[in-house]
Each structure stands twice: as C-alpha cells, then as structure tokens.
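The structure appears below as structure tokens.
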Amino acid sequence: MPEFSYDPPAGDPVILFEDDRIIVVDKPSGLLSVPGKLEGREDCLMARLEAFRPGALLVHRLDCDTSGVMIFARDKAAQGFLGQEFEKRRAKKSYVARVAGVMGPDRGRVDLPLCADWEYRPRQKVDFERGRPAVTEWEVLSRGEGETRVRMFPLTGRSHQLRVHMLSLGHPILGDPIYAEVAARDHARLMLHAERLGLHHPDGGGWVEFAADCPF
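Numbering (the UniProt record's numbering), first residue to last: 1 to 216.
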C-alpha cells in the first residue's frame, strides 16, 4: 500500500446551502474532513469552515479522497438532531463512482460485515465474526471500455464501506490508493463522489435534499 502524502487542494469551502441551523458544503477530493492525527495534517474542511463560517459543528465525515456533500450544524441542538438522522439511518445518501471492469448485472446488493484490518490500517476488511453489519445497494449508470459508472446507496455508514464492497465484487473504485490494483490506481483522484444527501431538517423536521454535481 503506498504511503499517504497530504497535499490538499487550495480554496475556500464551496457552500451549497446554509440557514440558521445548518451549512451544506461540497468537499473537494484530497482534503481531510477533520484534522489528521499526524503532524502536517491540520488543514481540513472543518478548519477552513471555521475561518469562513465560525462555529460550525461536525455531524459526519467523508474520506479524504472522497468529494461531495457534507452537512454541518450551526448549534448543538441541530448537531444532536442531525447526528440521530445518521445513527438511526434516516438519512439517505447516494454516491457516484467509476469502478474497474465491466459489471454484468444492472443492479445488486452487497451485505458483508466490515471491521478494521489492524495489521494494515487504515484498511478495512470483510469479517463475518468480528465485523459490523454493512449493506450497500448499487445500480449501473453506464459501461465503458474497461470500467463501469455506478450509483451506490449505502444503507449503513461503515468506514470505507463503498470501497470494500465494490472490491468484494471484483470491481475496485478507480484511483483508490488502498484497495485498487496498481493499474487501477493511475488516476488523478479516487473516483468516488457523495452526490446527494437527504434528511429531516432540524427546524420543524421537514425533508430536505442536497446535491453536488459529480466532477468526473
């Protein structure tokens, strides 16, 4: 597995929506959601948002290499409400990815439990004894030469869930520095994007949806 080097893209956060209770941001690929544990990884979306919109509170995360929709709370009550939307699986998420190989079926479901692969952190792995339940539904959007564009719907929120589930089907996400074979890593970025997020708004509980255009 290649060593992780951190060279985040420059620029202010792209705000998709904001009101008195929430801020919705389009996170770029290559930027950590929160500060990393190692020195030199303090720059992150949270830090940039604090300078741009002070007081924003974390609700959930995206992998460093994943782009797309992230929601932040503007007060503790909203943070607690939104946290429950994710914990109780009321939040609905969809992702777009380009994966290696041409997938045969038009849609499917992966139900494989996941846990940390402690010997090879930060890798995750399928583990039927110690793994936590993880379920992903997917559908093919288009097929190309040696690759497939898919939309994925994670019904759970495990670390690296989509990346490991696609790998389990024999179709790792292109540009993945951890799970893809060397030939499939040869891309400018991880080809995974959090396209859409729907949940109940902390003000009144109405259903809201937010989307960020896929950049690849």
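The C-beta atom is built at its ideal place from N, Cα and C for all residues, glycine as well.
Please name the residue or residues paired with residue i in a DSSP beta bridge.
{"i": "Glu139", "result": "Arg107 and Arg151"}
{"i": "Asp26", "result": "Val14 and Val69"}
{"i": "Arg132", "result": "Leu114"}
{"i": "Tyr95", "result": "Met152 and Ala194"}
{"i": "Val126", "result": "Leu114"}
Could you pull out every residue in the same chain whose Cβ sits closer than 8 Å to the Cβ of residue i, ignoring the five residues on either side in sequence?
{"i": "Glu147", "result": "Arg98, Val99, Ala100, Gly101, Val102 and Leu174"}
{"i": "Gln79", "result": "Leu57, Leu58, Val59 and Ala73"}
{"i": "Gly170", "result": "Gly101"}
If I measure Cβ to Cβ from residue i and keep anything under 7 Å in the same chain, skipping five residues before and after, which residues do I get?
{"i": "Phe52", "result": "Asp12 and Pro13"}
{"i": "Gly40", "result": "Tyr6"}
{"i": "Leu112", "result": "Val126, Ala134, His165 and Ser168"}
{"i": "Ser29", "result": "Asp65, Thr66, Ser67, Arg189 and Leu190"}
{"i": "Gly83", "result": "Val59"}
Take residue i as the anchor and find which of the options has the nearest alpha-carbon.
{"i": "His200", "options": "Cys64, His193 and Phe210", "result": "Phe210"}
{"i": "Pro8", "options": "Leu16, Asp63, Arg196 and Ala56", "result": "Asp63"}
{"i": "Asp203", "options": "Glu145, Val96, Ala77 and Ala180", "result": "Ala77"}
{"i": "residue 219", "options": "Leu192, Gly205, Gly206 and Arg149", "result": "Coverage of the chain is limited to positions 1 through 216, which leaves residue 219 absent and any answer about it impossible."}
{"i": "Tyr179", "options": "Gly83, Asp117, Val150 and Gly108", "result": "Asp117"}
{"i": "Arg151", "options": "Ala183, Tyr120 and Asp106", "result": "Asp106"}
{"i": "Arg158", "options": "Cys214, Val182, Phe216 and Phe86", "result": "Phe86"}
{"i": "Phe4", "options": "Arg121, Leu82 and Ala212", "result": "Arg121"}
{"i": "Phe216", "options": "Asp20, Arg149, Ala184 and Arg61", "result": "Arg149"}
{"i": "Ala194", "options": "Gly83, Glu50, Glu42 and Lys92", "result": "Lys92"}
{"i": "Phe153", "options": "His160, Val140 and Thr136", "result": "Thr136"}
Under 7 Å: does the beta carbon of residue i sit that close to some heavy atom of the ligand GTP?
{"i": "Val25", "result": "Of ligands this structure carries none, so the ligand GTP is not represented either."}
Going straight from the alpha carbon of residue i to that of residue j, what length do you get?
{"i": "Lys37", "j": "Asp176", "result": "21 Å"}
{"i": "Arg89", "j": "Ile22", "result": "19 Å"}
{"i": "Arg130", "j": "Arg123", "result": "15 Å"}
{"i": "Val208", "j": "Pro35", "result": "29 Å"}
{"i": "Leu32", "j": "Met46", "result": "8 Å"}
{"i": "Leu114", "j": "Ser142", "result": "28 Å"}
{"i": "Val96", "j": "Pro54", "result": "31 Å"}
{"i": "Ile15", "j": "Val24", "result": "6 Å"}
{"i": "Gly206", "j": "Gly198", "result": "10 Å"}
{"i": "Arg163", "j": "Arg48", "result": "27 Å"}
{"i": "Glu18", "j": "Val182", "result": "40 Å"}
{"i": "Arg61", "j": "Asp20", "result": "21 Å"}
{"i": "Asp43", "j": "Glu50", "result": "11 Å"}
{"i": "Phe81", "j": "Ala184", "result": "39 Å"}
Who are the Cβ neighbours of residue i in its own chain at under 6 Å, not counting the five residues just before and after it?
{"i": "Val69", "result": "Ala194, Leu197, Phe210 and Ala212"}
{"i": "Arg109", "result": "Glu137"}
{"i": "His160", "result": "Gln124"}
{"i": "Leu155", "result": "Val135"}
Go through the segment 142-211 residue by residue and report every complete run of the beta strand (DSSP E) that reaches 3 residues or more, in order.
The qualifying runs are 147-154, 192-200 and 207-211.
message = So within the segment 39-83, which uninterrupted alpha helix (DSSP H) runs reach at least 4 residues, ignoring any that extend past its ends?
response = Runs of the alpha helix (DSSP H) inside the segment 39-83: 45-52.
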